[in-house]
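Numbering (this note's numbering), first residue to last: 2 to 157.
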């Protein structure tokens, strides 16, 4: 068994000549990695408890970067974010959160089927625990005047 290495007459510098083409493969790899990161992170930034929120015609306000949601489900159970808590442990659980501050805004979400008295009980628990900056969450609705104008046919 033998091997032979042929000698070439051409110059070795031609193998390492400059290429004037843009290599987009690393760029595409970076974009795909970023896409995967955003696809994984996007669902984590929402509260996913199924609650039928009432509508409101109030002007929407800017939401903070990391909102704290307290939700009341139709079966009257209470959750912070997506974690179910007992009502007696509600304030203790809010205090144990990493960004614990009595001055932060707490967003209260309640299902449409929740009785008003139950909503007031949770508000009272939060107020007694020192949380006074409470905001109620609702879906955006159409003002009554605009809804009746849209439903009425145009007159010539």
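Built from N, CA and C at the ideal position, the CB exists for glycine as well.
Small disclaimer: the values here were computed from a predicted structure and weren't measured.
> Where are the alpha helix (DSSP H) runs, 4 residues long or more, that stay fully inside the segment 19 to 69, in chain order?
Replying inline: 26 to 42
> Is the number of C-beta pairs between the segment 124 to 144 and the segment 50 to 69 that are closer than 8 Å three or more?
Replying inline: The segment 124 to 144 and the segment 50 to 69 touch, with no fewer than 3 CB-CB distances between them shorter than 8 Å.
> Are residue 130 and residue 92 closer than 7 Å when you measure CB to CB?
Replying inline: In the chain shown, residue 130 corresponds to position 129, counting from 1. In the chain shown, residue 92 corresponds to position 91, counting from 1. Yes, the pair counts as a contact, with Cβ atoms nearer than the cut-off.
>> Based on DSSP bridge pairs, tell me the residues matched to residue 110.
In response: Position 109 of the chain shown, counted from the start, is the residue given in the question as residue 110. DSSP, once it has assigned bridges, lists 72 as partnering residue 110.
>> Tell me the rounded alpha-carbon separation between residue 153 and residue 142.
In response: As a first step, residue 153 is located in the chain shown; it is residue number 152 there, counting from the start. As a first step, residue 142 is located in the chain shown; it is residue number 141 there, counting from the start. With a pLDDT of 46 at residue 153, under the threshold of 50, the predicted position of this residue should be treated as unreliable, though the coordinate-derived value follows. C-alpha separation (whole angstroms): 18 Å.
>> To the nearest angstrom, how far is the alpha carbon of residue 132 from that of residue 87?
In response: Here the question's residue 132 lines up with position 131 in the chain shown. Here the question's residue 87 lines up with position 86 in the chain shown. Computed Cα separation, rounded: 17 Å.
> So, is residue 127 buried or exposed, given that buried needs 16 or more other C-beta atoms within 10 angstroms?
Replying inline: In the chain shown, residue 127 corresponds to position 126, counting from 1. Buried: at least 16 other Cβ atoms inside 10 Å.
> Quick one: Cα of residue 118 to Cα of residue 75, how far?
Replying inline: Translated into positions along the chain shown, residue 118 becomes position 117. Translated into positions along the chain shown, residue 75 becomes position 74. Approximately 13 Å between the Cα atoms of the pair.
>> Please list the terminal residues of the continuous beta strand (DSSP E) segment that includes residue 86.
In response: Position 85 of the chain shown holds residue 86. 84 to 86 is the span of the beta strand (DSSP E), which, as asked, contains residue 86.
> To the nearest whole angstrom, what separates the beta carbons of residue 28 and residue 69, a pair I think is in contact under 8 Å?
Replying inline: As a working note, residue 28 is residue 27 in the chain shown. As a working note, residue 69 is residue 68 in the chain shown. Rounded, the Cβ-Cβ distance is 39 Å, inconsistent with contact.
> Where DSSP assigns a beta bridge to residue 125, which residues make up the other side?
Replying inline: By 1-based counting over the chain shown, the position of residue 125 is 124. Paired residues: none, contrary to the question.
> Given a threshold of 16 other Cβ atoms within 10 Å of its Cβ, counted over all protein chains shown, does residue 33 qualify as buried or as exposed?
Replying inline: Taking the first residue of the chain shown as position 1, residue 33 is located at position 32. With fewer than 16 Cβ atoms within 10 Å of its Cβ, residue 33 is classed as exposed.
> I think residue 63 touches residue 104, with their Cβ atoms under 8 Å apart; what is that distance to the nearest whole Å?
Replying inline: Translated into the one-based positions of the chain shown, residue 63 becomes position 62. Translated into the one-based positions of the chain shown, residue 104 becomes position 103. Not confirmed; about 17 Å, so no contact.
>> So, with DSSP's three-state summary, where would you put residue 138?
In response: Walking along the chain shown from the start, residue 138 turns up at place 137. Here residue 138 sits in coil by DSSP.
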